[in-house]
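Down below is the structure, laid out as structure tokens.
In structure tokens:
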């Protein structure tokens, strides 16, 4: 099946900043789409609009047959009703809940599979035995894992990751890249990941979307984009020597 | 010491605090989250009692809730009586006068809160209402509690509004600070001194607690 999330929208900010996006993310099967571009180019805004945390003034967002946003008809689905998982740049763990409670938060204690899911997630993310600790009592890498486990616990239909490793040091980042790829493959949930790190984009992406100055510049497979950048801007961003 | 006045004052302070918790919390949450430009006007109205003489507020409440005022006619229609010189009357005055002492700390607590956590909860499929009670409220609790403690303490010492709206009826509107005023008028300095000392110790205690809560968070 060739299901996809397609979005065309425009959002204005103060000081005449405009974020405009035209993009498609495959959602039928597991694949990783990377939204790649320099810091401050509007990637996070695009992700937030897809999650329903920002409301663009113009455009549409459609998830397979579901309409998430139709600005002309004043339709905007709430984040709760989109069935997605969103991982913030910072882990955004709930500081007053322990790791188990963080992971099980979306299910609620009364959910029949609460305990089973929490235990399973702790095991899968190599956090066995740490369920009673609080977020400030574990390392940065463990916090990232908990954030991911919390989002995956309720099996979202699409996973949105905003610069998941930006706060970590390089060695840990490389270690987690491999781990993430393997984990995401096991869950079979399509992913849209935002990053400004070229290596991260190249390592993780199946499809690549290049963004700069509030606009989508090019999309395609990693090879396509790296070998045939659409314009000088893209060439500069992906760092292709051909541009020179 | 005037135990009736102590009891009445406690009742007034508890009712004021509870009422401001119920009404002030949604108002503060709205103030902390709205992007509406008229917000500043609402904030000014909330802060007004900080600078307005209590007698002025009391005067307006008296005018509005008297038999010829709009509020007075409304209460007369529903309950058959008016508010001046009754407990509900001084309660209304106390609530309005304490608005900033509750709403401002509440708003500050909500504003300090990391909004990402609220958004994270929404994206996990949890409704706004449940998010408020499971995330926002527990994390803002020290600020909310500090606001409630301040409100309680401040309404214990309220004088001007209570005197204007309630007068000085023992057991109905004669609170501790009015009892002190009354004792002094009657040249009973010994009784006034005892009540004053009680209020002084109480105020000092409450302020210490409030500062401790807002500085260190809650002792868990």
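Protein chains in written order, with this note's numbering: chain F, 2 to 245; chain W, 3 to 222. Heads up, the beta-carbon is just placed ideally off N, CA and C, and yes, glycines get one too.
Report buried or exposed for residue 172 of chain F, applying the criterion of at least 16 other Cβ atoms within 10 angstroms of its Cβ.
exposed
Contacting positions in the region 191-207 of chain F - beta carbon closer than 9 angstroms to chain W:
none
Note the first and the last residue of the continuous alpha helix (DSSP H) segment covering residue 142 of chain F.
141-153
Thinking just about the alpha-carbon of each residue, which of W:175, W:213, W:206 and W:215 is nearest to the one in residue 8 of chain W?
W:175
For chain W, check one thing: does any of its Cβ atoms lie closer than 8 angstroms to the Cβ of residue 138 of chain F?
no
Does the beta carbon of residue 122 of chain W come closer than 8 angstroms to any beta carbon on chain F?
yes
Short-range partners of chain F found in the region 115-148 of chain W, where Cβ spacing is below 7 angstroms:
118, 119, 121, 122, 124, 125, 126, 127, 128, 129, 137, 140 and 141
Using C-beta distances below 6 angstroms, list every residue in its chain close to residue 153 of chain W, excluding the 5 sequence neighbours before and after it, in chain order.
19, 22, 100, 103 and 104
At a Cβ cut of 7 angstroms, what residues of the region 49-73 of chain F count as close to chain W, listed as they run along the chain?
52 and 54
Residue 112 of chain F CB to nearest chain C CB: under 8 angstroms?
Here the protein chains are F and W, and chain C is not one of them.
Compare the C-beta of residue 93 of chain F with all C-beta atoms of chain W and state if any pair is closer than 8 angstroms.
yes
Between residue 8 of chain F and residue 50 of chain F, what straight-line distance do the alpha-carbon atoms span, to the nearest angstrom?
10 angstroms
Mind checking whether residue 36 of chain F and residue 193 of chain F have CB atoms under 8 angstroms apart?
yes
If we count the other Cβ atoms within 10 Å of its Cβ and call it buried at 16 or more, is residue 170 of chain F buried or exposed?
exposed
Whose C-alpha, out of F:165, F:175, F:32 and F:237, is nearest the C-alpha of residue 222 of chain F?
F:32
For residue 27 of chain F, which three-state DSSP category applies?
strand
Please confirm whether residue 23 of chain F has its beta-carbon closer than 8 angstroms to some beta-carbon of chain W.
no
How big is the Cα-Cα spacing for residue 213 of chain W and residue 62 of chain W?
33 angstroms
Going by DSSP, what residue range makes up the beta strand (DSSP E) through residue 8 of chain F?
5-13
Residue 246 of chain F and residue 52 of chain F closer than 8 angstroms at C-beta
Examination of residue 246 of chain F is not possible in this model, given that chain F is present from 2 through 245 alone.
To test your reading of the DSSP string, which unbroken alpha helix (DSSP H) runs of 4 or more residues are found completely within the region 9-73 of chain W?
41-53 and 56-67
Quick check: the Cα distance between residue 204 of chain W and residue 155 of chain W, rounded to an integer number of angstroms?
8 angstroms
Just mark residue 103 of chain F as buried or exposed, buried being the case when its beta carbon has 16 or more other beta carbons within 10 Å.
buried
Residue range of the beta strand (DSSP E) that residue 160 of chain W falls in?
Looking at the DSSP string, residue 160 of chain W is not in any beta strand (DSSP E), and its letter there is neither H nor E.
Name the DSSP bridge partner or partners of residue 77 of chain F?
F:70
For residue 143 of chain F, decide whether its Cβ has a neighbour in chain W, counting only Cβ atoms nearer than 8 angstroms.
no
Sheet register partners of residue 137 of chain W (DSSP bridge)
Residue 137 of chain W pairs with nothing; no bridge assigned.
Select from W:187, W:165, W:184 and W:158 the residue whose C-alpha is nearest the C-alpha of residue 201 of chain W.
W:158
According to DSSP, is residue 88 of chain F helix, strand or coil?
strand
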